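Step one of this worksheet: look at the structure below.
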Amino acid sequence: MTVSSQVIPAATTPAPGTATPPPATSPAPLGRFDRLAPRLHRYGLGMLRAGLGGVFVWFGVLKVIGLSPAAALVVAVLPFPAGGWFVPALGWAEVALGLWLMSGCARALALPVLTAHLCGTFAVLVLTPSMAFAHSNPLLLTLVGEFVVKNVVLLAGVVVVTTHPRG
59 MTVSSQVIPA
69 ATTPAPGTAT
79 PPPATSPAPL
89 GRFDRLAPRL
99 HRYGLGMLRA
109 GLGGVFVWFG
119 VLKVIGLSPA
129 AALVVAVLPF
139 PAGGWFVPAL
149 GWAEVALGLW
159 LMSGCARALA
169 LPVLTAHLCG
179 TFAVLVLTPS
189 MAFAHSNPLL
199 LTLVGEFVVK
209 NVVLLAGVVV
219 VTTHPRG
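Count along the sequence shown starting at 1, add 58, and that's the number in our numbering.
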């Protein structure tokens with residue numbers, strides 16, 4: 059008796075009353091976006107890290123040099139009297155946070171620090187709601203309210219770049 063190196067299964071016919079499986083088809087060709095998306099995705103995390111870090115550095119530098127449009131808002135929201143040192147110090151902290159975020163170092167520590175900073179910006183909504191909401195309506199944001207609420211997006215980005223696995 060000889061054993062064949064190839065085993066070919068016997069043709070089977072479906073049992074009566076069962077549907078036959080559809081014939082195998084080749085996948086549809088990918089469109090331009092579907093071919094481009096994986097390449098863009100590969101660079102997206104780095105772009106997000108650089109963009110978020112850049113925003114922190116930019117906003118921080120504006121506070122340090124005394125040209126931040128948010129400086130008056132910061133002082134107005136603080137529950138304590140702030141000297142002239144506070145806004146520039148906050149600016150230096152934001153510059154450091156931005157550089158830290160861009161470096162990608164100590165991400166497990168960066169996440170809670172950045173989260174605390176961004177959540178601190180939401181104090182406007184609680185401590186001075188008249189600045190954030192028009193006519194005391196939480197659905198009607200003022201320009202200040204929009205400025206603060208957009209930090210939800212920054213916070214989401216920070217979570218993504220600090221928790222994404224290396225590799």
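Even for Gly, the Cβ is constructed at its ideal location relative to N, Cα and C.
Here the structure is a predicted model, which means the values were calculated and not measured.
Counted within 10 angstroms of its Cβ, other Cβ atoms place residue i as buried (16 or more) or exposed
{"i": "residue 114", "result": "buried"}
{"i": "residue 184", "result": "exposed"}
{"i": "residue 83", "result": "exposed"}
{"i": "residue 174", "result": "exposed"}
For residue i, three-class secondary structure by DSSP
{"i": "residue 114", "result": "helix"}
{"i": "residue 157", "result": "helix"}
{"i": "residue 91", "result": "helix"}
{"i": "residue 138", "result": "coil"}
{"i": "residue 198", "result": "coil"}
{"i": "residue 180", "result": "coil"}
Short Cβ contact (9 Å threshold) for residue i with residue j
{"i": "residue 107", "j": "residue 162", "result": "yes"}
{"i": "residue 135", "j": "residue 144", "result": "no"}
{"i": "residue 168", "j": "residue 200", "result": "no"}
{"i": "residue 57", "j": "residue 211", "result": "Only positions 59 to 225 of the chain appear in this structure, which leaves residue 57 out of reach."}
{"i": "residue 159", "j": "residue 176", "result": "no"}
{"i": "residue 178", "j": "residue 110", "result": "no"}
{"i": "residue 154", "j": "residue 118", "result": "yes"}
{"i": "residue 206", "j": "residue 190", "result": "yes"}
For residue j and residue i, believed in contact at Cβ under 8 Å, the rounded distance
{"i": "residue 156", "j": "residue 104", "result": "With 8 Å as the limit, residue 156 and residue 104 do not qualify as a contact, their Cβ atoms being about 15 Å apart."}
The stretch 111-127 / the stretch 147-163 touching (three or more Cβ pairs under 8 Å): yes
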